[in-house]
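A.B. asks:
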Amino acid sequence: METQKSFASNQPFGTLYLVPTPIGNLDDMTFRAIKVLKEVDLIAAEDTRNTAKLLNHFEIGTHQESFHEHNSHSKIPELIDKLKAGQSIAQVSDAGMPSISDPGHDLVVECTKQGISVVPLPGANAGITALIASGLSPQPFYFFGFLPRKGKEQQDALTELAEKPETLILYEAPHRLKQTLKVLASAFSADRRAVLCRELTKRHEEFIRGTFSDLIEWSETTEIRGEFVIIIDGNDHPAVGAIDEEANALSGLSVKEQVDHYVESGLKVNDAIKKVAKLHEVKKQLIYREYHQLD
1 METQKSFASN QPFGTLYLVP TPIGNLDDMT FRAIKVLKEV DLIAAEDTRN
51 TAKLLNHFEI GTHQESFHEH NSHSKIPELI DKLKAGQSIA QVSDAGMPSI
101 SDPGHDLVVE CTKQGISVVP LPGANAGITA LIASGLSPQP FYFFGFLPRK
151 GKEQQDALTE LAEKPETLIL YEAPHRLKQT LKVLASAFSA DRRAVLCREL
201 TKRHEEFIRG TFSDLIEWSE TTEIRGEFVI IIDGNDHPAV GAIDEEANAL
251 SGLSVKEQVD HYVESGLKVN DAIKKVAKLH EVKKQLIYRE YHQLD
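Right, dumping it as structure tokens:
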């Protein structure tokens with residue numbers, strides 16, 4: 001067990017601050033975020049050119065270093081060394097909350113392993129902002145973010161998401177929106193309610209509400225611009241018994257035979273082990289050990 005006292009006076013290392021930035025409107029920057037960005041020794045930015053515009057607007061002169069998905073493997077050890085040397089670092093993404101759809105999470109994990117304090121600041125988040133204005137139930141909700149791009153992975157994700165009773169939050173880029181709407185309509189049904197939220201907090205902010213059928217029709221007659229949040233109504237009649245039926249169908253097989261059944265259907269071994277564990281509501285480590293005959 002480990003306890004972090006974020007503001008204790010005897011911190012042995014520097015602090016990693018997770019600083020949200022506006023998702024569009026610069027007026028959404030908080031006083032505390034500006035203060036922290038001015039006081040830290042270094043800003044680790046997803047895109048230094050993009051962040052420079054923000055820093056210039058608020059007259060922040062703190063040094064930046066690039067930190068994104070393509071250099072995170074080599075950059076994280078460097079940042080950890082700086083933190084251990086007593087420097088404080090603010091991590092920012094291009095827009096919104098750090099650690100959501102950027103490499104910040106891996107840095108957070110490494111900091112927690114090394115006993116380095118991680119201090120989050122509240123602020124703008126596109127998913128929650130879209131959710132509360134969508135008109136769909138705001139709770140419970142399930143945040144997913146961007147769908148996988150690969151066909152098999154995407155289909156597996158959609159199969160699971162389609163059954164969830166919670167309101168769903170997805171992100172999508174403008175050039176993929178039309179195709180994604182068609183895929184979602186196929187997986188969820190064309191009459192499932194959803195809301196497209198684009199250009200949030202900006203001058204051309206827009207909410208398009210309707211069924212997937214309506215939204216597809218809209219997308220065919222509109223020039224698609226801006227980043228999108230897609231809010232989807234939860235499934236009010238999920239197939240609750242589907243998992244039980246599948247478990248019963250495989251109940252006569254050994255654990256190894258059950259895993260092999262899913263491997264033969266196209267899943268990787270670890271994914272098949274995870275699926276069998278979920279079917280039987282046991283920890284995947286138990287299935288892993290039994291499948292590999294480990295004592």
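Position 148 of the sequence shown, counting from 1, maps to 148 under the UniProt record's numbering, and the rest follow consecutively. Note that CB positions come from ideal geometry on N, CA and C, so glycine has one too.
DSSP puts SER66 in a beta bridge; with which residues?
C.D. replies: The residue you call residue 66 lines up with position 66 of the sequence shown. Its beta-bridge partners are ALA45.
A.B. asks: Are the region 287-295 and the region 168-188 in contact at 8 Å, needing three or more beta carbon pairs?
C.D. replies: Short answer: they don't touch.
A.B. asks: Drop a sphere of 10 angstroms on the beta-carbon of LEU26, count the other beta-carbons inside from all chains shown, and report buried for 16 or more, exposed for fewer.
C.D. replies: Here the question's residue 26 lines up with position 26 in the sequence shown. It is exposed - the Cβ of LEU26 has fewer than 16 other Cβ atoms within 10 Å.
A.B. asks: My assumption, with CB atoms under 8 Å, is that VAL195 sits in contact with ILE231. Please give the rounded CB distance.
C.D. replies: Walking along the sequence shown from the start, residue 195 turns up at place 195. Walking along the sequence shown from the start, residue 231 turns up at place 231. Contact holds; Cβ gap of about 4 Å.
A.B. asks: For VAL19, write down the residues that DSSP places opposite it in a beta bridge.
C.D. replies: Here residue 19 refers to the residue found at position 19 of the sequence shown. VAL19 pairs with nothing; no bridge assigned.
A.B. asks: Run through the DSSP bridge pairs and tell me what PRO120 is partnered with.
C.D. replies: Indexing the sequence shown from 1 puts residue 120 at position 120. For PRO120, which the question treats as bridged, DSSP gives the partners LEU18.
A.B. asks: Can you give the beta carbon distance from LEU161 to VAL183, rounded, assuming they're within the 8 Å contact cut?
C.D. replies: Position 161 of the sequence shown holds residue 161. Position 183 of the sequence shown holds residue 183. In fact, because the Cβ distance is near 11 Å, the residues do not count as touching under 8 Å.
A.B. asks: Using alpha carbons as the reference points, say which of ARG32, PHE7, SER189 and LYS53 lies closest to residue 311.
C.D. replies: This structure does not reach residue 311, given that the chain is present from 1 up to 295, and the question cannot be answered.
A.B. asks: Could you check the C-alpha separation between GLY115 and ILE34 for me, to the nearest Å?
C.D. replies: In the sequence shown, residue 115 corresponds to position 115, counting from 1. In the sequence shown, residue 34 corresponds to position 34, counting from 1. Roughly 26 Å between the two C-alpha positions.
A.B. asks: Please classify ASP102: is it buried, with 16 or more other beta-carbons within 10 angstroms of its beta-carbon, or exposed?
C.D. replies: Locating residue 102 in the sequence shown gives position 102, where the first residue counts as 1. With 16 or more Cβ atoms within 10 Å of its Cβ, ASP102 is classed as buried.
A.B. asks: Sort PRO20, SER137 and GLU110 by Cα distance to MET97 and report the nearest one.
C.D. replies: Residue numbering aside, residue 97 sits at position 97 when the sequence shown is read from its first letter. The option with the nearest alpha carbon to MET97 is PRO20.
A.B. asks: If you measure between the beta carbons of THR167 and ASP191, is that distance less than 8 Å?
C.D. replies: As a position in the sequence shown, residue 167 is number 167, starting the count at 1. As a position in the sequence shown, residue 191 is number 191, starting the count at 1. Taking the C-beta atoms as reference points, ASP191 is found no nearer than 8 Å to THR167.
A.B. asks: Bridge partners for GLN91 per DSSP, in chain order?
C.D. replies: Counting from 1 along the sequence shown, the entry for residue 91 is found at position 91. Bridge partners of GLN91: LEU18 and ALA44.
A.B. asks: Taking 8 Å as the cut-off, decide whether the C-beta atoms of SER88 and THR3 are in contact.
C.D. replies: Along the sequence shown, one-based indexing puts residue 88 at 88. Along the sequence shown, one-based indexing puts residue 3 at 3. Not in contact: SER88 and THR3 (Cβ atoms no closer than 8 Å).
A.B. asks: Under 8 Å: do the region 67-86 and the region 49-59 share three or more Cβ pairs, one atom per stretch?
C.D. replies: no
A.B. asks: Excluding the 5 residues preceding and the 5 following PHE143 in the sequence, name in chain order all residues of the same chain whose CB lies nearer than 6 Å to its CB.
C.D. replies: To locate residue 143, count along the sequence shown from 1; it is residue 143. Taken in chain order, the residues that qualify are GLY127 and ILE169.
A.B. asks: So LEU131 and PRO138 are supposed to be a Cβ contact under 8 Å. How far apart are they, rounded?
C.D. replies: In the sequence shown, the residue the question calls residue 131 occupies position 131. In the sequence shown, the residue the question calls residue 138 occupies position 138. Right, their Cβ atoms sit about 5 Å apart.
A.B. asks: Pick helix, strand or coil for ALA277, following the three-state DSSP scheme.
C.D. replies: Taking the sequence shown and counting its residues from 1, one reaches residue 277 at position 277. Helix at ALA277.
A.B. asks: Grab me the residues of ASN50's own chain with a C-beta within less than 6 Å of its C-beta, minus the 5 sequence neighbours each way, in chain order.
C.D. replies: Along the sequence shown, read from residue 1 onward, the residue named residue 50 stands at position 50. In the same chain as ASN50, and ignoring 5 residues on each side of it, the C-beta atoms closer than 6 Å to its own belong to ASP94, in chain order.
A.B. asks: If you drop the 5 nearest sequence neighbours on each side, which residues of the same chain put their C-beta closer than 8 Å to that of PHE228?
C.D. replies: Residue 228 sits at position 228 when you count from the first residue of the sequence shown. Same-chain partners within the cutoff: TYR171, GLU172, ALA173, PRO174, LEU177, LEU196, CYS197 and ARG198.
A.B. asks: Among HIS70, CYS111 and HIS73, whose alpha-carbon lies nearest the alpha-carbon of LYS82?
C.D. replies: Sequence index remark: in the sequence shown, residue 82 carries index 82 (1-based). The candidate whose alpha carbon is nearest that of LYS82 is CYS111.
A.B. asks: What are the start and end residues of the beta strand (DSSP E) that includes GLU59?
C.D. replies: Walking along the sequence shown from the start, residue 59 turns up at place 59. Where GLU59 is concerned, there is no enclosing beta strand (DSSP E), given that its DSSP letter is neither H nor E.
A.B. asks: Let me know the secondary structure DSSP gives LEU170 once reduced to three states.
C.D. replies: Walking along the sequence shown from the start, residue 170 turns up at place 170. Correct three-state label for LEU170: strand.
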